[in-house]
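Residue numbers (the working numbering), protein chains in the order written: chain A, 1 to 109; chain B, 1 to 109. Ideal placement from N, C-alpha and C gives every residue a C-beta, glycine not left out. Owing to the predicted nature of the structure, the values given are computational and were not obtained by experimental measurement. For reference, the structure is listed below as structure tokens.
There are 2 protein chains.
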Amino acid sequence: MTHDHDTIVKSTRDSMPNMDTMFELADFFKVFSDSTRIRIMCALFEQELSVCCIAETLSMEQSTISHQLRILRRENLVKVRKDGKQSYYSLADEHIKQIFEMGLEHISE
Amino acid sequence: MTHDHDTIVKSTRDSMPNMDTMFELADFFKVFSDSTRIRIMCALFEQELSVCCIAETLSMEQSTISHQLRILRRENLVKVRKDGKQSYYSLADEHIKQIFEMGLEHISE
DNA sequence: TGAACATATGAACAAACATTCATACGTTGA
DNA sequence: TCAACGTATGAATGTTTGTTCATATGTTCA
Numbered sequence: 001m002t003h004d005h006d007t008i009v010k011s012t013r014d015s016m017p018n019m020d021t022m023f024e025l026a027d028f029f030k031v032f033s034d035s036t037r038i039r040i041m042c043a044l045f046e047q048e049l050s051v052c053c054i055a056e057t058l059s060m061e062q063s064t065i066s067h068q069l070r071i072l073r074r075e076n077l078v079k080v081r082k083d084g085k086q087s088y089y090s091l092a093d094e095h096i097k098q099i100f101e102m103g104l105e106h107i108s109e
Numbered sequence: 001m002t003h004d005h006d007t008i009v010k011s012t013r014d015s016m017p018n019m020d021t022m023f024e025l026a027d028f029f030k031v032f033s034d035s036t037r038i039r040i041m042c043a044l045f046e047q048e049l050s051v052c053c054i055a056e057t058l059s060m061e062q063s064t065i066s067h068q069l070r071i072l073r074r075e076n077l078v079k080v081r082k083d084g085k086q087s088y089y090s091l092a093d094e095h096i097k098q099i100f101e102m103g104l105e106h107i108s109e
């Protein structure tokens with residue numbers, strides 16, 4: 001780059017959020033970037049479900065679902081309730097629906 | 001799974017969006033799941049910028065930025081205006097800011 | 001108590017992805 | 001026209017990540 005961009009570069013940098021914030025933002029959206037996790041969350045929109053019930057609903061292996069639920073749990077998007085042998089998962093945040101709506105809105109354009 | 005979940009599985013499946021929709025949704029969020037792309041979009045919030053200007057703002061290689069801009073272009077999140085040697089990129093959609101806001105809201109909890 | 005079941009998790013594997021390097025293409029101005 | 005510059009892109013590379021397999025943990029019930 002030869003021409004003088006110093007002013008623009010500087011003011012652009014100043015206008016941007018903190019580095020940390022932008023990395024966190026990417027990490028947050030990363031959770032929604034996998035179709036299995038999306039499908040799990042969609043399944044949980046109506047009611048809480050056990051792990052094997054989710055697995056059967058999605059026609060996927062129990063292990064796969066458990067691994068993905070772990071990620072959703074870590075990110076505080078779902079919560080667990082244990083009852084006997086089963087673990088019942090539900091959405092931790094009503095917020096999630098809004099985020100879905102927003103994505104759907106963009107897709108339908 | 002031994003106990004009878006057929007009813008729940010069936011009604012859950014019925015309540016869920018189309019498969020295609022859920023895959024598209026994941027693909028949409030995938031675009032936001034990378035910190036470089038997030039940073040590029042943040043840089044473009046204020047004004048259109050040339051490729052080399054973005055690269056310098058983020059202290060990253062021009063090639064890296066070009067590759068990521070290609071993805072953002074493919075997903076219709078940025079648009080290009082060519083002027084002489086330079087390509088000026090800008091956000092294609094005011095929508096994007098809303099999506100960012102929503103993510104930031106969740107992070108700050 | 002032991003067998004059947006539900007869930008969680010580590011290791012291995014394959015696929016997806018971001019970055020870098022090298023280079024090609026197009027534009028400008030001397 | 002040729003050199004310098006800005007941008008785009010294919011190939012190579014290393015890393016991340018989702019899925020599978022095997023298995024461990026914990027619970028229920030006969």
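Query                                                                                                                                                                   : Result
Under 8 Å, with one C-beta from each stretch per pair, do the region 46-63 of chain B and the region 47-54 of chain A reach the 3-pair mark?                            : no
Could you pull the DSSP bridge partners for residue 9(B) from this structure?                                                                                           : In the DSSP output, where bridge partners are listed per residue, residue 9(B) has none listed.
Based on DSSP bridge pairs, tell me the residues matched to residue 86(A).                                                                                              : 83(A)
On the criterion of 16 or more Cβ atoms from any shown chain inside 10 Å, does residue 106(A) qualify as buried, or is it exposed?                                      : buried
Count the other CB atoms, across all protein chains shown, that sit within 10 Å of the CB of residue 2(B); report buried if there are 16 or more and exposed otherwise. : The predicted model places residue 2(B) with a pLDDT of 44, which falls under 50 and marks its position as unreliable; any figure quoted below should be read in that light. Looking at its Cβ environment, which holds fewer than 16 other Cβ atoms inside 10 Å, residue 2(B) is exposed.
At a Cβ threshold of 8 Å, is residue 68(A) touching chain B?                                                                                                            : no
Candidates 78(B), 8(B), 51(B): which alpha carbon is nearest residue 85(B)'s?                                                                                           : 51(B)
Beta carbon of residue 25(B), beta carbon of residue 25(A): below 8 Å?                                                                                                  : no
Quick test of your reading: residue 68(B) and residue 36(B), contact by CB under 8 Å. State the CB separation rounded to the nearest angstrom.                          : 5 Å
What's the gap between the Cα of residue 27(B) and the Cα of residue 7(B)?                                                                                              : 30 Å
Using the Cβ count rule (16 or more neighbours within 10 Å means buried), how would you classify residue 23(B)?                                                         : exposed
Does the beta carbon of residue 34(B) come closer than 8 Å to any beta carbon on chain A?                                                                               : yes
Name the chain A residues whose beta carbon is nearer than 8 Å to that of residue 81(B)?                                                                                : In chain order: nothing, as chain A lies at least about 16 Å away.
Compare the C-beta of residue 1(A) with all C-beta atoms of chain B and state if any pair is closer than 8 Å.                                                           : Model confidence at residue 1(A) stands at a pLDDT of 46, short of 50, so the residue's coordinates are unreliable; what they give is reported in the following sentence. Answer yes: the Cβ-Cβ gap between residue 1(A) and chain B drops below 8 Å somewhere.
Sort 39(A), 57(A), 74(A), 81(A) by Cα distance to residue 11(B) and report the nearest one.                                                                             : 57(A)
Taking the straight line between their C-alpha atoms, what separation do you get for residue 16(A) and residue 41(B)?                                                   : 10 Å
Residue 53(A): which of 90(A), 97(A), 98(A), 21(A) sits nearest, CA to CA?                                                                                              : 90(A)
Can you have a look at residue 31(B) and say buried or exposed, based on whether 16 or more other CB atoms are within 10 angstroms of its CB?                           : buried
State the start and end residues of the unbroken alpha helix (DSSP H) segment that holds residue 58(B).                                                                 : 51-58
Whose CA, out of 98(B), 18(B), 64(B), 13(B), lies closest to the CA of residue 34(B)?                                                                                   : 64(B)
Hey, residue 70(B) and residue 80(B): beta-carbon distance below 8 Å or not?                                                                                            : no
Distance cutoff 8 Å, beta carbons only. Does residue 64(B) sit that close to anything in chain A?                                                                       : no
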